[in-house]
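A short write-up of the structure that comes next.
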Amino acid sequence: MEIRERILQAALDCFTELGYDRTTVTMIRERSGVSNGALFHHFPNKEAIAAGLYLDAMRCVQEGYWATLKDQPATLRDAVAGIVAKLLGWVESNQQWARFLYAQGHLDWSSDAAGELRTINRDLVLAYREWLGPFIATGQVRDLPMVVIVAVVTGPAHAIAQRWLAGQIGGSLLSYADDLIDAAVASLSGNPTSRRQRKRKLPTTGHVRLQLVADDGTVVAEGEAVTALTSMGASISAAAHHSAVRETPDRP
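Next up, the structure:
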């Protein structure tokens, strides 16, 4: 194992056993068995070591995504299935690393490692966009911001993975893949009702009052009709299926 990898593995072990805050650089150095000079040659401080672990973990996860997109999946489901399976499989095979990744949460976005991660993320988003373009153009996939598409595909899988790592749900992590894939595909390809439309409930039936008026303006008959209402964009058409009409006596 190379010196850098030895340092990172020692740090991961210490972070897992003691937590990030209680771990010191000295503990990491002693656990790794490297000299002070060797450690500081690769990492100036504990924050840089944690950033290195985080960045390496993200690279490993995204390599799986790249492998899926590189194969140019023929359908939306094929792509989503590949990405979800890669993510869940990585977490299941790298539980210690995954726990660190979720516990750490994010990088200091002013750090060099964060700059590298931004570049990796940007390139992956471009790959997503290139692959999804034809599906969006033909209406098979909704035209959503890429940040939303990525969140829809991977966000629920991350949530399930965290619950699985915490022991809140059992079984193989990959056993949840099919449901996650179905949900993501439905979200990306569907045409859900907007929030405004969901809140606005139109009536399905109504009453229409009718009057028969003579040329001189005299009402000669009147009545009511019970109608079925059908929404037609901004207007509503009514089809009367019952009416009761009664004559009105002549007015002087």
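Counting the sequence shown from 1 gives a position; my numbering is that position plus 27.
For each residue, glycine too, the CB sits at the ideal point set by N, CA and C.
- Taking A75 as reference, the option from A130, A140, A184 with the minimal CA-CA separation is A140.
- Here the alpha carbons of S62 and T50 stand approximately 18 Å from one another.
- Scanning its chain for C-beta atoms nearer than 7 Å, with the 5 sequence neighbours on each side dropped, one finds around L128 the residues Y81, A84, in chain order.
- Around the C-beta of Q89, 16 or more other C-beta atoms lie within 10 Å, and the residue is accordingly described as buried.
- When only Cα atoms are considered, A106 and Q189 end up about 22 Å apart.
- Taken through DSSP and simplified to helix, strand or coil, P71 comes out as coil.
- Annotated three-state conformation of L192 is helix, per DSSP.
- In this structure, DSSP gives L35 a helical state, which the three-state scheme calls helix.
- Cβ neighbours of R104 within its own chain (closer than 7 Å, five residues either side excluded): I208, V212.
- I55 sits buried, since 16 or more C-beta atoms from the chains shown fall within 10 Å of its C-beta.
- The count of Cβ pairs closer than 8 Å, one atom from the stretch 116 to 126 and one from the stretch 184 to 204, reaches three, so the stretches are in contact.
- Annotated as proximal: A37 and S59, with beta-carbon spacing under 8 Å.
- Between the alpha carbons of A154 and D98 lies a gap of roughly 11 Å.
- Separation of L39 and W124 (C-alpha to C-alpha, rounded to the nearest whole angstrom) is 7 Å.
- As the crow flies, the alpha-carbon of R156 is around 40 Å from that of F67.
- For the pair G64 and F70, the CB atoms are not nearer than the 8 Å cut-off.
- In the displayed model, N63 falls within a helix according to three-state DSSP.
- Taken in chain order, the complete alpha helix (DSSP H) segments of 4 or more residues contained in the stretch 136 to 205 are 139 to 164, 173 to 192.
- A buried status is given to I34, since no fewer than 16 other beta-carbon atoms sit within 10 Å of its beta-carbon.
- For R104, the enclosing alpha helix (DSSP H) covers residues 103 to 120.
- Between W93 and the set V179, L151, C41, K73, the nearest pair of CA atoms involves L151.
- In this structure, G142 lies away from L114, with their beta-carbon atoms at least 8 Å apart.
- In the three-state reduction of the DSSP assignment, Q123 falls in the helix class, which pools H, G and I.
- The beta carbons of V168 and L96 sit no closer together than 8 Å.
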